[in-house]
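Asker: Adding 204 to a residue's 1-based position in the sequence shown gives its number in our numbering.
For glycine and all other residues, C-beta sits at the position ideal for the given N, C-alpha and C.
Submitted below is the structure of interest, expressed as C-alpha cells.
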Amino acid sequence: MPETGEAAASAPDSARNRKKVSRAMLRTVGEYRLIEEGDRILVAVSGGKDSYALLHLLWAARRKAPVRFDLIACHLDQCQPGHDPAPLRDWLDRLGVPFEIVCEDTFSTAVSAAERDQEATYCRLCSRLRRGILYTTAERLGCGKIALGHHRDDGLETLLLNLFFAGRLQAMPARYTTNDGKLEVIRPLIECGEKELVALAAAEQYPVLPGRLCGSQGDSKRAAVRRLLDSLEREIPNVRQVMLGALKNVRPSHLLDVEVAEAWTAQAGNYLPRR
205 MPETGEAAAS
215 APDSARNRKK
225 VSRAMLRTVG
235 EYRLIEEGDR
245 ILVAVSGGKD
255 SYALLHLLWA
265 ARRKAPVRFD
275 LIACHLDQCQ
285 PGHDPAPLRD
295 WLDRLGVPFE
305 IVCEDTFSTA
315 VSAAERDQEA
325 TYCRLCSRLR
335 RGILYTTAER
345 LGCGKIALGH
355 HRDDGLETLL
365 LNLFFAGRLQ
375 AMPARYTTND
385 GKLEVIRPLI
395 ECGEKELVAL
405 AAAEQYPVLP
415 GRLCGSQGDS
425 KRAAVRRLLD
435 SLEREIPNVR
445 QVMLGALKNV
455 RPSHLLDVEV
465 AEAWTAQAGN
475 YLPRR
C-alpha cells in the first residue's frame, strides 16, 4: 500500500537526513584519517541512539570505502537491574555485523562508590570502568582501534564544562592514542549534530535500551551547560556549528598558555598563514 500523508512526506526527509549525517561522518573520517587500510575496529555499542547510528553508518560505509577494514561491535552489559540486551542482540543479528556482549558488574561498583561519597557522580567512575573493559576487550579481539559514538554536542558540552568548572580549554578530539600506546580511540560522529542523530534514530527505529545510571542523580553540570547552549541557540540559531568551527580554527599565539605559545612559535614556520 502506498504511503500517504505525513508518512509519505517524512520518507524523503529521513533519507536526506541520513545522507547528511553519513556525509558529515565520512568527512570527519577522511579529514582526521580515522580509518586506514586493514584496520580492525571495535565499535562500542551502548544501546543508545548515537552508538546505534555509528555502527549502522560505518557498516554501510564498508561497501564503498576506498580502504578495507573490519568492524566488531561490543556491548557492555553492566548488570543493571532489569537490563535486557536482547533487542540489541536481535538488531545486531539482522545487521550481520560480528559482535560480542561482555558482562561486567560495574553497576554495583558505581552505586557503592556514590553512596560512600555523596558528592561523587556515577558518570566519572562508570565511564572509567567502561573504558577499561573496552580496552581489554579490544586487545583480546585483536582490534587496534575503538570507535565511540560521541557527537558534536557532546564535544561542545565538554568544552564548556572544562572552561567553566575546570579552568582549561579542552574538548573531545576526533582521535587519540591511549596512554600505553596500544590503542587508538576514534570519534567518527564528533562533527554530527545531536538533533540529526535523534531524527535518524527515530526513522531507523533503533531499539534503544534504557539505562538507570545516566541522569539518575538529578541535575548535573552537563545538563546546565546543555541548557545554556539551548538558550544561546534561540538567539544564535547556528551557534553550535559556529562553536564547532572555532574548535577547528584555533589561534595559539592569541592564548595565554606560555607552553602553547612557545611551541607554536617554534613550529609556526611549518604552516601557511591563515586568512
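Which full runs of the beta strand (DSSP E) of 3+ residues lie inside the stretch 361 to 415, going along the chain?
Answerer: Segments of the beta strand (DSSP E) lying fully in the stretch 361 to 415: 379 to 381 and 388 to 390.
Asker: By Cβ distance, which residues of its chain are closer than 6 Å to L261, with the 5 residues on each side in sequence left out?
Answerer: Residue numbering aside, residue 261 sits at position 57 when the sequence shown is read from its first letter. Only S226 and M229 meet the Cβ criterion.
Asker: Is it buried or exposed, Q421, if we count other Cβ atoms within 10 angstroms and call 16 or more buried?
Answerer: Mapped onto the sequence shown, residue 421 falls at position 217. Because Q421 carries a pLDDT of 49, less than 50, the predicted location of this residue cannot be relied on, and no value is offered for it.
Asker: Give me, in chain order, the residues of the same chain whose beta-carbon lies closer than 6 Å to that of V249; leave out the 5 immediate sequence neighbours on both sides.
Answerer: In the sequence shown, counting from the first residue as 1, residue 249 sits at position 45. The answer, listed in chain order, is S255, L259, A277 and H279.
Asker: Between A351 and V247, which are expected to be in contact by the criterion C-beta below 8 Å, what is the C-beta distance as a whole number of angstroms?
Answerer: Taking the sequence shown and counting its residues from 1, the one referred to as residue 351 is at position 147. Taking the sequence shown and counting its residues from 1, the one referred to as residue 247 is at position 43. Contact holds; Cβ gap of about 5 Å.
Asker: For Q421, which three-state DSSP category applies?
Answerer: Counted from its first residue, the sequence shown places residue 421 at position 217. With a pLDDT of only 49 at Q421, under 50, the local geometry of the prediction cannot be trusted, and the value read off the model is given with reservation. Coil, per DSSP.
Asker: Would you mind sorting L459 into buried or exposed? The rule is 16 or more other CB atoms within 10 Å of its CB.
Answerer: Looking up residue 459 in the sequence shown gives position 255. The residue in question, L459, is exposed, as its Cβ has fewer than 16 Cβ neighbours within 10 Å.
Asker: Just grab the DSSP bridge partners of L258 for me.
Answerer: Within the sequence shown, residue 258 is the residue found at index 54, counting from 1. Paired residue(s): none; L258 is not in a bridge.
Asker: Given this structure, state the Cα-to-Cα distance separating L365 from K223, to the nearest angstrom.
Answerer: Reading the sequence shown from its first residue, position 161 is the one you call residue 365. Reading the sequence shown from its first residue, position 19 is the one you call residue 223. Taking the straight line joining both Cα atoms gives about 31 Å.
Asker: How big is the Cα-Cα spacing for G177 and S218?
Answerer: Because the chain in this structure spans residues 205 to 479, residue 177 falls outside the shown range and cannot be described.
Asker: Expressed to the nearest angstrom, what Euclidean distance is found between the alpha-carbon atoms of G286 and P414?
Answerer: Taking the first residue of the sequence shown as position 1, residue 286 is located at position 82. Taking the first residue of the sequence shown as position 1, residue 414 is located at position 210. Spanning the two alpha carbons is a distance of roughly 9 Å.
Asker: With respect to the alpha helix (DSSP H) encompassing V462, which residues constitute its N-terminal and C-terminal limits?
Answerer: Here the question's residue 462 lines up with position 258 in the sequence shown. V462 to Q471 is the span of the alpha helix (DSSP H), which, as asked, contains V462.
Asker: From what residue to what residue does the alpha helix (DSSP H) around A290 run?
Answerer: For this step, residue 290 is matched to residue 86 along the sequence shown. That run of the alpha helix (DSSP H) goes A290 to L299.
Asker: If we count Cβ pairs, one from each stretch, closer than 8 Å, do we get three or more for the stretch 232 to 247 versus the stretch 400 to 412?
Answerer: Verdict: no, contact absent.
Asker: How should E466 be labelled, buried or exposed, when 16 other C-beta atoms within 10 angstroms of its C-beta is the threshold for buried?
Answerer: In the sequence shown, the residue the question calls residue 466 occupies position 262. So E466 ends up on the exposed side.
Asker: Let's see if you can read the secondary structure: which residues bound the beta strand (DSSP E) around K224?
Answerer: Here the question's residue 224 lines up with position 20 in the sequence shown. K224 -> not in any beta strand (DSSP E); alpha helix (DSSP H) instead, spanning G209 to E235.
Asker: Taking the C-alpha atoms as reference points, what is the distance between P456 and A269?
Answerer: Indexing the sequence shown from 1 puts residue 456 at position 252. Indexing the sequence shown from 1 puts residue 269 at position 65. Taking the straight line from one Cα to the other gives about 35 Å.
Asker: Measure from the alpha carbon of R332 to the alpha carbon of each residue in V454, T313 and C347, then state which is nearest.
Answerer: Counting from one through the sequence shown, the residue named residue 332 turns up at place 128. Nearest option by C-alpha distance: T313.
Asker: When we look at the beta-carbon of G353 and count the other beta-carbons within 10 Å, is it buried (16 or more) or exposed?
Answerer: Here the question's residue 353 lines up with position 149 in the sequence shown. So G353 counts as buried.
Asker: Considering only their Cβ atoms, is the gap separating R334 from Q282 smaller than 9 Å?
Answerer: Working through the sequence shown from its first residue, we reach residue 282 at position 78. Working through the sequence shown from its first residue, we reach residue 334 at position 130. Their beta carbons are under 9 Å apart, which means Q282 touches R334 by this criterion.
Asker: Give the single residue among G473, A370, C347 and Y339 whose Cα lies nearest to the Cα of N383.
Answerer: Residue mapping note: residue 383 aligns to position 179 of the sequence shown, counting from 1. N383 has its Cα closest to that of Y339, out of G473, A370, C347 and Y339.
Asker: Three-state secondary structure (DSSP) at N474?
Answerer: For the purposes of this step, residue 474 is taken as residue 270 along the sequence shown, with counting starting at 1. Helix at N474.
Asker: Find out if the Cβ-Cβ distance for the pair A405, A257 is shorter than 9 Å.
Answerer: As a position in the sequence shown, residue 405 is number 201, starting the count at 1. As a position in the sequence shown, residue 257 is number 53, starting the count at 1. Yes; because the gap between Cβ atoms is below 9 Å, this pair is in contact.
Asker: Who are the near neighbours of L363 in its chain, counting only those whose CB is closer than 6 Å to its CB and skipping five residues on each side?
Answerer: Reading the sequence shown from its first residue, position 159 is the one you call residue 363. A375.
Asker: Could you give the DSSP three-state label for I350: helix, strand or coil?
Answerer: Within the sequence shown, residue 350 is the residue found at index 146, counting from 1. Note: I350 maps to strand in three-state DSSP.
Asker: Taking L329 and V301 to be in contact with their CB atoms under 8 Å, please state how far apart those CB atoms are, rounded to whole angstroms.
Answerer: Your numbering for residue 329 matches position 125 in the sequence shown. Your numbering for residue 301 matches position 97 in the sequence shown. Actually they are not in contact, since the Cβ atoms of L329 and V301 sit about 30 Å apart, beyond 8 Å.
Asker: How many angstroms separate the CA atom of L296 from the CA atom of V412?
Answerer: Counting from 1 along the sequence shown, the entry for residue 296 is found at position 92. Counting from 1 along the sequence shown, the entry for residue 412 is found at position 208. Roughly 12 Å between the two C-alpha positions.
Asker: With A248 as the anchor, note down where its beta strand (DSSP E) starts and where it stops.
Answerer: For the purposes of this step, residue 248 is taken as residue 44 along the sequence shown, with counting starting at 1. That run of the beta strand (DSSP E) goes D243 to A248.
Asker: Please report the straight-line C-alpha distance between R237 and C396, rounded to a whole angstrom.
Answerer: By one-based count along the sequence shown, residue 237 stands at place 33. By one-based count along the sequence shown, residue 396 stands at place 192. When rounded, the distance between both Cα atoms is 17 Å.
Asker: For T341 and R438, what's the separation of their Cα atoms in angstroms?
Answerer: As a working note, residue 341 is residue 137 in the sequence shown. As a working note, residue 438 is residue 234 in the sequence shown. Whole-angstrom Cα-Cα distance: 43 Å.
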